[in-house]
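To start, the structure under review is shown below, and the notes come after it.
In the working numbering, the protein residues as written are 18 to 123.
Following this line, the structure appears as structure tokens:
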């Protein structure tokens, strides 16, 4: 589980974004999800989070460069906060799966 209370910055080709919140999809059943973000992370009902999947590019540990890439999967909307660290969400777009990463980026 990964959740950030602060912000993180990424710069790529002059593009900059701030990750305000990041967590993981823990459960997925018929479009209803449990995500590992909650009140302690600043989550609010109605927020829409981007979903990304980390895909392996190379299986060789000796390969130069990144062995994984981020693949956009879709978006989810927080529908209920039920713990300081967890929330219920529904799929807005795409086909998120368990272990995908959810992020709120500004």
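The C-beta atom is built at its ideal place from N, Cα and C for all residues, glycine as well.
Mind the definition here: the stretch 106 to 114 touches the stretch 81 to 88 only if three or more C-beta pairs lie below 8 Å; say whether that holds.
Output reads no: the stretch 81 to 88 does not touch the stretch 106 to 114.
Residue range of the beta strand (DSSP E) that includes residue 107:
Per DSSP, residue 107 belongs to the beta strand (DSSP E) from 104 to 111.
Is it right to say residue 26 is buried, meaning 16 or more other beta carbons lie within 10 angstroms of its own, or is it exposed?
Confidence in residue 26 is poor, its pLDDT being 46 and thus under 50, which makes the residue's placement too unreliable to answer from.
Fully enclosed by the stretch 72 to 101, which beta strand (DSSP E) runs are 3 residues long or longer?
Look at the stretch 72 to 101 and you find these whole runs of beta strand (DSSP E), each 3 residues long or longer: 85 to 98.
Alpha carbon to alpha carbon, how far is residue 58 from residue 23? Give it in angstroms, no decimals.
Below a pLDDT of 50, predicted positions are generally treated as unreliable, and residue 23, at 47, falls in that range; the measurement from the model is reported next regardless. Just so you know, the alpha carbons of residue 23 and residue 58 end up roughly 8 Å apart.
Give the straight-line distance between the Cα atoms of residue 51 and residue 74, rounded to the nearest whole angstrom.
Roughly 28 Å between the two C-alpha positions.
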